[in-house]
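Take 1 as the starting number for the sequence shown in UniProt numbering and just add one per residue.
Heads up, the beta-carbon is just placed ideally off N, CA and C, and yes, glycines get one too.
Working notes, beginning with the structure itself.
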Amino acid sequence: NLVVGEGPTNEANEPDVLGESPRSRQAPVARGDLENLQPGATVQLVGLSMVQYNGRMAVVLGVDRSTARCEIRLGDGSVKTIRAENLRVVEPAQPAAGNLPPPQNHMPPEDEETARITL
1 NLVVGEGPTN EANEPDVLGE SPRSRQAPVA RGDLENLQPG ATVQLVGLSM
51 VQYNGRMAVV LGVDRSTARC EIRLGDGSVK TIRAENLRVV EPAQPAAGNL
101 PPPQNHMPPE DEETARITL
């Protein structure tokens with residue numbers, strides 16, 4: 001269920017997958033399962049055959065919706081590729097600063113003449 005990005009590759013020049021058969025790599029995943037998986041989301045690894053990875057936290061770096069796989073960075077800095085079904089979103093991705101809505105209590109800038117302070 002875990003792909004090691006820097007490891008050896010198989011005949012199809014794909015990274016080796018730990019704990020998966022080649023047939024399981026092509027299993028379809030429902031589109032709705034990928035909705036909350038966005039770059040920047042914090043996720044927990046679950047349901048892996050390599051149990052030492054279960055429960056570990058990671059950050060999503062990228063999502064390949066055509067293969068239902070996500071590239072993640074674990075706490076130790078290692079980068080892995082994993083099936084979306086083995087990730088549980090703990091904290092959704094935060095929107096980029098340019099996409100944030102304006103603050104609710106935003107006040108218009110004051111007039112220069114009235115904003116001066118005399119000491």
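Could you please give me the residues that DSSP links to Thr42 through a beta bridge?
Counted from its first residue, the sequence shown places residue 42 at position 42. Answer is Val59, Glu91, bridged to Thr42.
Rounding to the nearest angstrom, what Cα-Cα distance links Pro39 and Gly47 in this structure?
Here residue 39 refers to the residue found at position 39 when the sequence shown is read from its first residue. Here residue 47 refers to the residue found at position 47 when the sequence shown is read from its first residue. The C-alpha of Gly47 is placed about 21 Å away from the C-alpha of Pro39.
To the nearest angstrom, how far is it from the Cα of Ala30 to the Cα of Thr81?
Your numbering for residue 30 matches position 30 in the sequence shown. Your numbering for residue 81 matches position 81 in the sequence shown. At Ala30 the pLDDT is 44, less than 50, meaning the model places this residue with poor confidence and gives no usable figure here.
Tell me the residue span of the beta strand (DSSP E) that contains Glu71.
Looking up residue 71 in the sequence shown gives position 71. Taken as a continuous stretch (DSSP letters only), the beta strand (DSSP E) holding Glu71 covers 69-74.
Identify, in the order they occur along the chain, each residue of the same chain with its Cβ nearer than 7 Å to the Cβ of Pro95, setting aside the five sequence neighbours on each side.
Within the sequence shown, numbered from 1, the residue matching residue 95 stands at position 95. So the list is empty, once near-sequence residues are dropped.
Which residues in the same chain have their Cβ closer than 6 Å to the Cβ of Glu71, if we skip the five residues on either side of it in sequence?
The residue given as residue 71 occupies position 71 in the sequence shown. Cβ neighbours of Glu71 beyond the five flanking positions: Leu61, Gly62, Thr81.
When the distance is taken between beta carbons, is Val43 closer than 8 Å to Arg88?
The residue you call residue 88 lines up with position 88 of the sequence shown. The residue you call residue 43 lines up with position 43 of the sequence shown. A Cβ-Cβ contact shorter than 8 Å links Arg88 with Val43.
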